[in-house]
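Q: Residue numbers (the numbering used here), protein chains in the order written: chain A, 1 to 112; chain B, 113 to 224. Heads up, the beta-carbon is just placed ideally off N, CA and C, and yes, glycines get one too. Let me give you the structure first, and then I'll get to my questions.
2 protein chains.
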Amino acid sequence: MHVQIAKNTTPKTLKPGISRRIAHLDKLLTAVITFENGPMEEPDPPHSHPHEQITYVAEGELYFFMDNKKHRLQQGDMFMVPSEMPHTIQTITPKVVLIDSFSPVREDFLKS
Amino acid sequence: MHVQIAKNTTPKTLKPGISRRIAHLDKLLTAVITFENGPMEEPDPPHSHPHEQITYVAEGELYFFMDNKKHRLQQGDMFMVPSEMPHTIQTITPKVVLIDSFSPVREDFLKS
């Protein structure tokens with residue numbers, strides 16, 4: 001059995017202005033990613049992963065790019081990324097908070 | 113392939129003061145549940161489901177009950193519910209918004 005409550009776990013800094021904290025079980029991982037380096041001058045390079053991803057925009061505004069489309073998203077919006085589908089974002093506001101859920105678990109997030 | 117973007121989908125009213133909107137892929141479902149009927153006078157009856165659940169508190173304050181413990185949670189906190197573990201909540205503030213992610217997909221949410 002994993003820990004059963006995460007509360008406000010300590011964020012890990014991924015790079016300057018970007019931090020992440022995670023909670024996971026066996027099949028499911030949720031990451032809170034905070035970008036405080038916005039607005040980005042250009043989108044991040046597209047990436048993909050076998051994991052399915054659903055994201056909730058908790059704070060801020062951003063562009064989400066997938067399947068040759070550009071979507072402007074704000075607090076309360078969600079986007080879905082099927083397995084192996086290339087996608088990326090570009091933050092518009094100085095601060096953006098995304099709630100990224102994945103299945104299966106992003107084992108790479110646990111190691112990094 | 114499912115739709116790839118959810119944006120701010122229309123919420124469905126579950127009961128007066130409680131609404132839900134969902135996004136899902138094949139293995140993963142995220143539900144945004146808005147409680148505007150708080151504070152609750154007492155906790156909801158405990159419930160359980162085979163699906164794993166991770167919840168992010170997007171707005172408000174609540175008590176989360178699981179495994180004979182009571183946790184006071186606020187915006188930014190997370191909790192994790194293992195498969196088949198009884199749990200419940202009691203909202204403290206008039207409005208609470210929870211981002212509930214599940215794996216596997218809550219097929220019952222799609223039918224109801």
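Have a look at the DSSP bridge pairing and note the partners of Lys-181 of chain B.
A: Stepping through the second sequence from its first residue, residue 181 of chain B is reached at position 69. BP columns for Lys-181 of chain B point to B:Met-178.
Q: Considering only the alpha carbon of each residue, which of B:Pro-198, B:Pro-206, B:Leu-185 lies closest to Pro-157 of chain B?
A: Here residue 157 of chain B corresponds to residue number 45 of the second sequence, with the count starting at 1. Of B:Pro-198, B:Pro-206, B:Leu-185, the residue nearest in Cα terms is B:Pro-198.
Q: Between Glu-52 of chain A and Lys-207 of chain B, what straight-line distance do the alpha-carbon atoms span, to the nearest angstrom?
A: Within the first sequence, the letter at position 52 stands for residue 52 of chain A. Within the second sequence, the letter at position 95 stands for residue 207 of chain B. Whole-angstrom Cα-Cα distance: 30 Å.
Q: Hey, does His-142 of chain B have any beta-carbon neighbour from chain A nearer than 8 Å?
A: On the second sequence, position 30 is the one that residue 142 of chain B refers to. The question names His, yet the displayed sequence has Thr at residue 142 of chain B. For Thr-142 of chain B, the answer is yes, since a Cβ of chain A falls inside 8 Å of its Cβ.
Q: Mind listing, in chain order, the continuous beta strand (DSSP E) runs of no fewer than 3 residues lying wholly within the segment 73-98 of chain A?
A: With a minimum length of 3 residues, the continuous beta strand (DSSP E) runs that stay inside the segment 73-98 of chain A are 78-81, 87-91.
Q: Reducing DSSP to helix, strand and coil, say where Asp-100 of chain A ends up.
A: Taking the first residue of the first sequence as 1, we reach residue 100 of chain A at position 100. Reduced to three states, the DSSP call for Asp-100 of chain A is strand.
Q: Does the distance from the C-beta atom of Ile-235 of chain B to that of Met-192 of chain B stay below 8 Å?
A: For residue 235 of chain B there is no data in the structure shown, the boundaries of chain B being 113 and 224.
Q: Using a Cβ-Cβ cut-off of less than 8 Å, list which residues of the segment 201-219 of chain B approach chain A; keep chain order.
A: Of all residues in the segment 201-219 of chain B, Ile-211, Ser-213, Phe-214, Ser-215, Pro-216 have a Cβ within less than 8 Å of some Cβ in chain A.
Q: In chain B, what lies closer than 8 Å to His-71 of chain A by C-beta?
A: Residue mapping note: residue 71 of chain A aligns to position 71 of the first sequence, counting from 1. Residues of chain B passing the Cβ test: Ile-117, Lys-119.
Q: Strictly under 8 Å for the Cβ-Cβ distance: is Asp-77 of chain A near chain B by that measure?
A: Translated into the one-based positions of the first sequence, residue 77 of chain A becomes position 77. By this cut-off, Asp-77 of chain A is an interface position.
Q: Say whether the segment 165-184 of chain B touches the segment 124-139 of chain B, bearing in mind that this needs 3 or more beta-carbon pairs closer than 8 Å, one atom from each stretch.
A: Output reads no: the segment 124-139 of chain B does not touch the segment 165-184 of chain B.
Q: Listed from N- to C-terminal order along the chain, which residues in the segment 42-53 of chain A have their beta-carbon within a distance smaller than 8 Å of any beta-carbon of chain B?
A: Going along the segment 42-53 of chain A in chain order, one finds Glu-52, Gln-53 with a Cβ nearer than 8 Å to chain B.
Q: Is any beta-carbon of chain B found at less than 8 Å from that of Lys-15 of chain A?
A: Within the first sequence, numbered from 1, the residue matching residue 15 of chain A stands at position 15. Not an interface residue.
Q: Taking the alpha-carbon of Lys-33 of chain A as reference, which of A:Ser-103, A:Asp-67, A:Thr-10, A:His-47 has the nearest alpha-carbon?
A: Working through the first sequence from its first residue, we reach residue 33 of chain A at position 33. As written in the sequence, residue 33 of chain A is Ile, which differs from the Lys given in the question. Measuring from the Cα of Ile-33 of chain A, the nearest candidate turns out to be A:Thr-10.
Q: Would you say Pro-50 of chain A and Ser-83 of chain A are within 8 Å of each other, going by their C-beta atoms?
A: Reading the first sequence from its first residue, position 50 is the one you call residue 50 of chain A. Reading the first sequence from its first residue, position 83 is the one you call residue 83 of chain A. Going by C-beta atoms, Pro-50 of chain A is nearer than 8 Å to Ser-83 of chain A.
Q: Find out if the Cβ-Cβ distance for the pair Ile-201 of chain B, Pro-151 of chain B is shorter than 8 Å.
A: Residue 201 of chain B sits at position 89 when you count from the first residue of the second sequence. Residue 151 of chain B sits at position 39 when you count from the first residue of the second sequence. Not closer than 8 Å, so no.
Q: Take Lys-139 of chain B and list the residues in its own chain whose beta-carbon comes closer than 8 Å to its own, dropping the five residues that flank it on each side.
A: To locate residue 139 of chain B, count along the second sequence from 1; it is residue 27. Excluding positions up to five away in sequence, the list reads Ser-215, Pro-216, Val-217.
Q: Just to confirm before moving on: does the CB-CB distance between Ser-213 of chain B and Thr-30 of chain A stay below 8 Å?
A: Indexing the second sequence from 1 puts residue 213 of chain B at position 101. Indexing the first sequence from 1 puts residue 30 of chain A at position 30. In contact: Ser-213 of chain B and Thr-30 of chain A (Cβ atoms closer than 8 Å).
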